[in-house]
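When you line the sequence shown up against the working numbering, it's residues 12 to 124, in that order.
By construction, the Cβ of each residue, glycine as well, lies at the ideal position given by its N, Cα and C atoms.
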Amino acid sequence: MLFRKKCGGDCESCRRGCEEREEPETSYNRTPNGSDMSDIQRLGDYLSERYTAQSLIAEVRKVYDPNYLAFFGVHGAMESYLTHFRDSLGLHIDREDIRVMANAIVDRGEMGV
Numbered sequence: 012m013l014f015r016k017k018c019g020g021d022c023e024s025c026r027r028g029c030e031e032r033e034e035p036e037t038s039y040n041r042t043p044n045g046s047d048m049s050d051i052q053r054l055g056d057y058l059s060e061r062y063t064a065q066s067l068i069a070e071v072r073k074v075y076d077p078n079y080l081a082f083f084g085v086h087g088a089m090e091s092y093l094t095h096f097r098d099s100l101g102l103h104i105d106r107e108d109i110r111v112m113a114n115a116i117v118d119r120g121e122m123g124v
């Protein structure tokens, strides 16, 4: 989550060390976890060009070892697979948002956000 101080400065680059409380930076282009919506859309577009939801689930089951699937389940394997795509594309998406996407794909068969 991105924070701004009440003074209006950016907390990450501020060197003043002021004692005012931080407030969450709200933006319509970001999720509550701080992920950029355009990055989430890019990942969804990338996946939907290559897979349907069912073929993506089948690919995850094919790629991961049965022991991995038994321990983490399809949800965990899908999260790991989406994290791999996020990292290879250089996107800035929070792990919680990846988890939401993985759950949507596995539970409801929906691609994208």
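**Report entry** Three-state secondary structure assigned by DSSP to D47
**Finding:** Taken through DSSP and simplified to helix, strand or coil, D47 comes out as strand.
Query raised in the report: What distance in whole Å lies between the Cβ atoms of A69 and I116, which are believed to be in contact at a cut-off of 8 angstroms?
Result: No, I116 and A69 are not in contact; Cβ-Cβ is about 12 angstroms, not under 8 angstroms.
**Report entry** Bridge-paired residues (DSSP) for R41
**Finding:** Partner(s): D47.
Query raised in the report: Is R119 buried or exposed, if buried means 16 or more other CB atoms sit within 10 Å of its CB?
Result: Looking at its Cβ environment, which holds fewer than 16 other Cβ atoms inside 10 Å, R119 is exposed.
Query raised in the report: Which value, in whole angstroms, describes the spacing of the CA atoms of R53 and L102?
Result: Each residue's Cα considered, the two are about 8 angstroms apart.
Report task. Return the Cβ separation of S46 and D105 in integer angstroms, given the expectation that the two are a contact with Cβ distance under 8 angstroms. Result -> Contact holds; Cβ gap of about 5 angstroms.
Query raised in the report: The alpha helix (DSSP H) with L67 in it runs from where to where?
Result: Here the alpha helix (DSSP H) through L67 covers 64 to 74.
Query raised in the report: Cα-Cα, which of K73, A113, P77 is closest to F96?
Result: For F96, the closest C-alpha among the options K73, A113, P77 is that of A113.
Query raised in the report: alpha helix (DSSP H) containing A113: first to last residue?
Result: From DSSP, the alpha helix (DSSP H) with A113 extends over 106 to 114.
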